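Here the sequence shown is numbered in numbering that gives the first Met the number 0, starting from 0 and rising by one per residue.
Remarks on the structure that follows.
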Amino acid sequence: MDPNTFWKLIADARASVSDPSDGHAVAAAATTLLADRPPAEIVAAQQVLWELLTASYRNPLWGAAYLINGGCSDDAFDYFRGWLLTQGEEIYTATLADPDSLAALPAVVAAAESGDEFECEDALSIAWNAHIKATGMQLPQDAFRIRYPALDPEWDFDFDDSAELATRLPRLAALYDL
Numbered sequence: 000m001d002p003n004t005f006w007k008l009i010a011d012a013r014a015s016v017s018d019p020s021d022g023h024a025v026a027a028a029a030t031t032l033l034a035d036r037p038p039a040e041i042v043a044a045q046q047v048l049w050e051l052l053t054a055s056y057r058n059p060l061w062g063a064a065y066l067i068n069g070g071c072s073d074d075a076f077d078y079f080r081g082w083l084l085t086q087g088e089e090i091y092t093a094t095l096a097d098p099d100s101l102a103a104l105p106a107v108v109a110a111a112e113s114g115d116e117f118e119c120e121d122a123l124s125i126a127w128n129a130h131i132k133a134t135g136m137q138l139p140q141d142a143f144r145i146r147y148p149a150l151d152p153e154w155d156f157d158f159d160d161s162a163e164l165a166t167r168l169p170r171l172a173a174l175y176d177l
């Protein structure tokens, strides 16, 4: 499986659910669709998924997640990036280029009002669960490798510093009344 095929899988999953902003529904649909593929392709999907998660391991995105979710631990950042993957390639790519662009997403605008958070741990297990569903076995131990890059030192500040976050993520800060 390559990234284009993975993104097609996510697009198909999004098209099959009633609310494509619901990461859990998209992850469940993607798991079901992936389980219909050959086991080798399912295993390969795990590496693609983690490569995308690695590419999104960036401090500017972490700052956006911190602001949107009212805080963001290491695990919560993984789950936020899982949710971001379920939003599809276009939103994922635009968000990596400009995390502040999340302020234009209707789901994020609504969440600013309601206090909803964006996390989808299930997205991290799409291939894992699909493999179990398809074969009855867990993914092989060596199904993927992950090496996170160093975080951007220019964003090494306390995310509780609302003035600094507002300077760096002005649209999100305005949306979340910082």
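Backbone N, C-alpha and C fix where the C-beta goes; we use that ideal spot for every residue, glycine too.
Computed from a prediction, not measured in an experiment: that's the story for all the values here.
Excluding sequence positions up to five away, which residues of its chain have a Cβ less than 8 angstroms from the Cβ of residue i?
| i | result |
| --- | --- |
| L66 | F158, L164, L168, L171, A172, Y175, L177 |
| P139 | V42 |
| L51 | P2, F5, L84, Y91 |
| A110 | I67, E116, F117 |
| W127 | Q45, Q137, L138 |
| A75 | A64, N68, E118 |
What residue does the alpha helix (DSSP H) around residue i start on, and which one ends it?
| i | result |
| --- | --- |
| D18 | Unbroken run through D18: none, as it is neither H nor E. |
| E112 | 105-113 |
| Q46 | 38-54 |
| P169 | 169-174 |
| A142 | Note, A142: premise wrong, no alpha helix (DSSP H); not H, not E. |
| P59 | 58-68 |
| L83 | 73-85 |
| A122 | Counting along the chain, A122 falls outside any alpha helix (DSSP H), and DSSP gives it neither H nor E. |
| A96 | 88-96 |
Buried or exposed for residue i, please, with buried defined as at least 16 other CB atoms from any protein chain shown within 10 angstroms of its CB.
| i | result |
| --- | --- |
| V25 | buried |
| Q137 | exposed |
| P98 | buried |
| F156 | exposed |
| A122 | buried |
| A14 | exposed |
| G62 | buried |
| V107 | buried |
| A149 | exposed |
How close, in whole Å, do the beta carbons of residue i and residue j come, if the pair is a contact with beta carbons under 8 angstroms?
| i | j | result |
| --- | --- | --- |
| I145 | T53 | 6 angstroms |
| A12 | K132 | Actually they are not in contact, since the Cβ atoms of A12 and K132 sit about 14 angstroms apart, beyond 8 angstroms. |
| P2 | V47 | 6 angstroms |
| L95 | S55 | 6 angstroms |
| N58 | D160 | Contact doesn't hold; Cβ gap of about 13 angstroms is too wide. |
| A44 | M0 | 5 angstroms |
| G87 | A162 | Incorrect: roughly 33 angstroms between the Cβ atoms, too far for contact. |
CB-CB under 7 angstroms to residue i, same chain, minus the five flanking residues each way: which ones, in chain order?
| i | result |
| --- | --- |
| C259 | Residue 259 cannot be examined here, being either before or after the span of the chain that is shown, 0 to 177. |
| L190 | Outside the displayed span of the chain (0 to 177) sits residue 190, for which this structure offers no information. |
Say whether chain B places a C-beta atom closer than 8 angstroms to the C-beta of residue i.
| i | result |
| --- | --- |
| Y91 | Looking at the structure shown, chain B is missing, and only one protein chain is on hand. |
In chain order, what residues of the same chain lie with their CB nearer than 6 angstroms to the CB of residue i, ignoring the 5 residues before and after it?
| i | result |
| --- | --- |
| N68 | E116 |
| E40 | M0 |
| F143 | Q45, Q46, W49 |
| T134 | P38 |
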